[in-house]
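Quick note, the sequences are listed as chains E, C, P and G, same order. Residue numbers for the first sequence follow my numbering, beginning at 714 and rising by one. Residue numbers for the second sequence follow my numbering, beginning at 714 and rising by one. Residue numbers for the third sequence follow my numbering, beginning at 714 and rising by one. Residue numbers for the fourth sequence follow my numbering, beginning at 714 and rising by one. See structure below.
4 protein chains.
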Amino acid sequence: MDKRRTDLAVEAAQLLREGGSPGALEGVLQEETEREGWPVTVVKITDDRGAKAIGKPVGSYVTIDLAGLARREEDAFGRAARAVAAELTALLDLPAGAPVLVVGLGNRAITPDNIGPKAADHTLVTRHLVEKLPEQFGSFRPVAALAAGVLGTTGVESGELVRAVAEKVRPACILAVDALAARSVTRVCATVQLADTGITPGSGVGNARAALDRGSLGVPVIAIGVPTVVDGATLAADLLAEAGKAHLDPQALRGAGSGLLVTPRDIDARVADLAKVVGYGINLALHPGLTLADIELFLS
Amino acid sequence: MDKRRTDLAVEAAQLLREGGSPGALEGVLQEETEREGWPVTVVKITDDRGAKAIGKPVGSYVTIDLAGLARREEDAFGRAARAVAAELTALLDLPAGAPVLVVGLGNRAITPDNIGPKAADHTLVTRHLVEKLPEQFGSFRPVAALAAGVLGTTGVESGELVRAVAEKVRPACILAVDALAARSVTRVCATVQLADTGITPGSGVGNARAALDRGSLGVPVIAIGVPTVVDGATLAADLLAEAGKAHLDPQALRGAGSGLLVTPRDIDARVADLAKVVGYGINLALHPGLTLADIELFLS
Amino acid sequence: MDKRRTDLAVEAAQLLREGGSPGALEGVLQEETEREGWPVTVVKITDDRGAKAIGKPVGSYVTIDLAGLARREEDAFGRAARAVAAELTALLDLPAGAPVLVVGLGNRAITPDNIGPKAADHTLVTRHLVEKLPEQFGSFRPVAALAAGVLGTTGVESGELVRAVAEKVRPACILAVDALAARSVTRVCATVQLADTGITPGSGVGNARAALDRGSLGVPVIAIGVPTVVDGATLAADLLAEAGKAHLDPQALRGAGSGLLVTPRDIDARVADLAKVVGYGINLALHPGLTLADIELFLS
Amino acid sequence: MDKRRTDLAVEAAQLLREGGSPGALEGVLQEETEREGWPVTVVKITDDRGAKAIGKPVGSYVTIDLAGLARREEDAFGRAARAVAAELTALLDLPAGAPVLVVGLGNRAITPDNIGPKAADHTLVTRHLVEKLPEQFGSFRPVAALAAGVLGTTGVESGELVRAVAEKVRPACILAVDALAARSVTRVCATVQLADTGITPGSGVGNARAALDRGSLGVPVIAIGVPTVVDGATLAADLLAEAGKAHLDPQALRGAGSGLLVTPRDIDARVADLAKVVGYGINLALHPGLTLADIELFLS
């Protein structure tokens, strides 16, 4: 089975269940809940059997289904940001005042890959204020942000760059925002996945990045991922299955569709919206005393 | 048959041939040539039988295959711009000094749709200079350029806007640059189609725009189109056919893939390159005395 | 006296008063009021004597002092947008449902000149919705928006372009947003001037644009101007006067300072803020049933 | 004397000479030469007397006068890039193949401050290629580039960030590109200053950045500065002096003009041009085997 066709644990688990191999889901727990009106699925990989079956490290993977955001439901933006904040808070275990580093991965110049840099733009950066004006900003958590240029524009691996900055900032925790690949077109630009495992090599849409996790960075790394693309071959299989034609192995089609990305027609607007949801969700989680209006004021 | 799945006459003709219905290509002539080292295919629809079969108006459709551009072959940019200029010149029948209006259609904020506005950015605009400084610029052809905002950002149809400006500028000819949808992934961001028919309703990737042709505008309209997307359902069929699995009707898959675009991974860079090729090609065709270096100097 | 050194009627009137020539302010009325907590000054030029003295056409010039916006006072953005809306409403005399054309003048690529295009970006464009989906949007006023490219990028004068579009849209009124030059550095990026006179030739920062007024366009034109620059020579005189050194004629310094613009250090952020204030103010004035939150939802 | 009103050693030396204090220029040598047709001035501060008088560290300051660039003289761009490359090469003492880190300082969102980030965009980044594809790119010098976000967007001081990356990249030399303040309006956007002293605290336009020099970074730092602004008070004094009115101390005017920047009207275009000159000059100096055309090909 091709485990790389999705970065979403919830999809990988679903594929396993559909495959129906007995015992395939040992070491994997799944729970459906709700947050601020959005469906939430938590997949917990509890041991090596689960990790091997799902193809991801042991840890918790929380998927928030924000499909309603694009429909501009009432207070959709506020509810989405608060849901991200609440699920993020549940994964974090941060002492008040402990510094945090937010990393926006991906290439700013490529629309489906720039959700990380754009989310970093929406992050309330406070570290310099806390250090220079402690009497005024001393009650804020020090937050630094880094929109890691990709390899091609800096010549430095994202992982190296994050490590270098982390050694200066010495954060208690790193939040890494990145674009993901999904298997199902219905999840693209419609979900956010939070994982307490960091980012591991081999994930992503074909551009393997170095691991960003507790092992490599020495502090917990929460990955915040948004699927923005489906690869061409995976789409083909999906469409056929939906059309009842066949259940083909995307691997067989891989050569044909390689180098192609499938995105929603309105990808630019949806990535912009989700980057703001993620950025504001991070802000609410890291500065629990602030409201969305406060953040809007600070950032504008 | 679904004739709307491609905006390229060369693909529509190929589909007909593959369909093999006898007499299907009556009223259609096709010729393969070469320009500056690039393969060129001219499809001529000579009468109503051809127009009905191909699903496009009577006229000439010239496709330049620029696949080598992305490989950065030697002098690839210069050869591509000169090839566009030469084929454009062959379609134009412009007296020296006759004014021309260049229109960049599409939405600047959506990468695969912004080739038109970007090509307009690369167009050498001279009309105001010719009018205000005739002693200095009198030998130039007066060229005006318009990057038509899409409907949603102006509230005015592109067609209305172009007509309004054309009434002021009174051009002898209009060049309209637009993004197209292709059927085959191999042609996306790899070809330029020039057509002396203007742009007709019903083409495009689902956003029918009003006709921009001699009928509506009163002057010849040359359409310069670059395929930048494939629709999701069409891709599925293509991939399957390539994989030898089946030859499915994309129509059957249409519901599943609707709202999805398939683009190359490096769509941003390739659209930028092709917009420059088209813009410089237009400049060379409209100002035959200038070199690429001259244009670079004027535009920078 | 050099009347071109300011586009603000309130400054021109102040200069006259400082000059102290008897009778200089005949035909000019001035009133100080307040709107949403911001100081408002209305200069009314009532006859030709006033027009000649001030150097601007007969009409009303309303200046809203938004200096507090940069200090991020509480609800500053909302109060500013509502103040612009209220003063604009007082100048407009629009039947419900009458169409309006919003024009953003200036060059998008030059920061202090792009307030017009950016304000147009924040305008709620409804004309196409009202026409195509009347049952759903029939209660909205039809609004079209045009970010006029400058001469150099289109080859078409802003005035020609606006006239061309106005002939298609047939608005009951045109709102034209433009950057202005102020005389005093304290007014730069700190005020909005509304004038019911349209925009007249010879104003601006050295790039005279064709008149956009009732005479040339056939419908009332409200000019919404934001001073974003001071010219170099004017600044020199201002600084010296403030330092008590001398009261020099900027004309004498003009050669030296020509080609220079003086802007606030944070010009980019302040132009962005004011463009949003102006755009939202226009939206509130044209669609009195909407709140700021509604507009945020429609535009995002 | 106010030594902070200019970042250009050539201007500081000129001020001293104008002041006429005997012996003021001991420890300072100045030489006028030419490179690719552009005037070049080298100011050498040879000891502490010179350093104290000029207000800058001991070292060489090379100013290339590129005023002709804006006039688009023939081959102006190529000559300017080659002149920067030649002067840079003269300051560098780099073994072939030694790695280099290029740092673009300044805030990308503020036009006169973004010359550093933009020059970094034009830098040919090769470090990842040399490391991953040594057989193909082994003959290239490994070059990494970093567009340092400013404090407010990352919460990390530029200096800290550069140090962090330098510890990973271990360059033999750092090139730091930054915007400067000039005293004379005629030098703004018209000169490039190269200095082998790095960047020292207290320089710049009021935003003191931490030192980037051999002392703090352990390797030679070449500063490449482009003056893009004059401060408001300095301009006032300059204009008056030119107009023959007085020779005022800008310090007296400082309060009035503070917070204001004076820039050329066409600042956006000129910063873009100079960033490209600097970036290409760096590329030519670091990769002596390449031509401008090669670089264009690699970067596009």
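Note that beta-carbon positions come from the ideal geometry of N, C-alpha and C, so glycine has one too.
Check your understanding: Does the beta carbon of L1010 (chain G) sit closer than 8 Å to a beta carbon anywhere in chain A?
Key -> Considering every chain present, this structure includes no chain A. Its protein chains are E, C, P and G.
Exercise for review: Decide if V769 (chain P) is buried, meaning its Cβ has at least 16 other Cβ atoms within 10 Å, or exposed.
Suggested key: Checking the sequence, you will find Lys at residue 769 (chain P) rather than Val. So K769 (chain P) counts as buried.
Practice item. Hey, could you find the ends of the beta strand (DSSP E) E744 (chain E) is sitting in? Key: Going by DSSP, E744 (chain E) is part of the beta strand (DSSP E) stretching over 741–748.
Check your understanding: Which residues of chain P have a Cβ atom closer than 9 Å to the Cβ of A998 (chain C), listed in chain order?
Key -> Correct list: empty, because the minimum Cβ distance to chain P is about 17 Å.
Review point. Can you tell me whether DSSP reads D986 (chain C) as helix, strand or coil?
Key: helix
Practice item. Using a cut-off of 7 Å between C-beta atoms, extract the partners of A877 (chain G) located in chain E. Key: A877, V878, E880, K881
**Study point:** Cβ-based burial, P1001 (chain P) [other Cβ within 10 Å; buried from 16]
**Key:** exposed
**Study point:** At least 3 beta-carbon pairs within less than 8 Å: the segment 843–860 of chain C vs the segment 811–830 of chain P
**Key:** no
Review point. Do you know how far the Cα of F790 (chain G) is from the Cα of G994 (chain G)?
Key: 10 Å
Exercise for review: State yes or no: is the C-beta of V775 (chain G) within less than 8 Å of the C-beta of V753 (chain G)?
Suggested key: yes
Practice item. Starting from the N-terminal side, write out each stretch of the beta strand (DSSP E) that is 3 residues or longer and does not extend beyond the segment 785–819 of chain E. Key: 813–817
**Study point:** Environment of T899 (chain C) [buried if 16+ CB atoms lie within 10 Å]
**Key:** exposed
Review point. Would DSSP call D720 (chain P) helix, strand or coil?
Key: Per DSSP, reduced to three states, the secondary structure at D720 (chain P) is coil, with no helix or strand assignment.
Practice item. Kindly list the residues whose CB is nearer than 6 Å to the CB of A798 (chain E), restricted to its own chain and excluding five residues on each side of it in sequence; keep chain order. Key: G994, L997, A998
Review point. Which value, in whole angstroms, describes the spacing of the CA atoms of L729 (chain C) and V741 (chain C)?
Key: 11 Å
**Study point:** Secondary structure of L973 (chain C), DSSP reduced to three states
**Key:** strand
Point to revise | Outcome for K765 (chain G) when other beta-carbon atoms lying within 10 angstroms are tallied against a minimum of 16 | key: In the assembly as shown, K765 (chain G) is an exposed residue. Its beta-carbon has fewer than 16 other beta-carbons within 10 Å.
**Study point:** Contacts around L1012 (chain C), its chain only, beta-carbon distance under 7 Å, and the 5 residues preceding and following it disregarded
**Key:** H835, L837
Point to revise | Straight-line Cα distance separating R792 (chain G) from D986 (chain G) | key: 13 Å
Check your understanding: Taking Cβ positions only, does R983 (chain C) come closer than 8 Å to chain G?
Key -> no
Check your understanding: Quick one: which chain C residues come within Cβ less than 7 Å of L930 (chain P)?
Key -> The premise fails here: L930 (chain P) is roughly 13 Å from chain C at the closest Cβ pair, so nothing lies under 7 Å.
Review point. Is it buried or exposed for G810 (chain P), if we count other Cβ within 10 angstroms and need 16 for buried?
Key: So G810 (chain P) ends up on the exposed side.
Review point. Does the Cβ-Cβ distance between A923 (chain P) and S871 (chain P) come in under 8 Å?
Key: yes
Practice item. Kindly indicate if chain G contains any beta-carbon less than 8 Å away from that of R785 (chain C). Key: yes
Review point. Are any of the Cβ atoms in chain C nearer than 8 Å to that of P940 (chain E)?
Key: no
Review point. Using the C-alpha atoms, what's the distance from L948 (chain G) back to R978 (chain C)?
Key: One alpha carbon belongs to R978 (chain C), the other to L948 (chain G), and they sit about 50 Å apart.
**Study point:** Residues, ordered as in the chain, of the segment 822–841 of chain P that lie near chain C by beta-carbon distance below 8 Å
**Key:** D834, V838, T839, R840, H841
Practice item. Compare the C-alpha of L1065 (chain P) against each of P:S773, P:T904, P:K831 and name the closest. Key: Nothing can be reported for residue 1065 (chain P), as the shown portion of chain P is limited to 714 through 1013.
Check your understanding: Would DSSP call I823 (chain C) helix, strand or coil?
Key -> Here I823 (chain C) sits in coil by DSSP.
**Study point:** Contacts that V869 (chain E) makes with chain G (C-beta to C-beta distance below 8 Å)
**Key:** R840, H841, A857, L859, V878, K881, V882
**Study point:** Contact residues within the segment 890–908 of chain C, judged by C-beta distance below 8 Å to chain E
**Key:** Within the segment 890–908 of chain C, those residues whose Cβ lies closer than 8 Å to any Cβ of chain E are, in chain order, V898.
Exercise for review: Apply the 10 Å Cβ neighbour rule to L893 (chain G) and answer buried if 16 or more other Cβ atoms are within range, or exposed otherwise.
Suggested key: buried
Check your understanding: Thinking just about the alpha-carbon of each residue, which of E:Q727, E:K881, E:C902 is nearest to the one in G1044 (chain E)?
Key -> There is no way to answer for residue 1044 (chain E), as the model of chain E reaches only from 714 to 1013.
Exercise for review: Give the residues of chain C in contact with L874 (chain P), contact being defined as C-beta atoms less than 9 Å apart.
Suggested key: L859, A877, V878, K881
Check your understanding: Taking 8 Å as the CB-CB limit, is G915 (chain E) close to chain C?
Key -> Reliability of the predicted coordinates at G915 (chain E) is poor, the pLDDT of 46 falling under 50, and no value is obtained from them.
Exercise for review: In the DSSP assignment, find the alpha helix (DSSP H) that holds V932 (chain C) and state where it starts and stops.
Suggested key: First-last for V932 (chain C): undefined, no H or E at that position.
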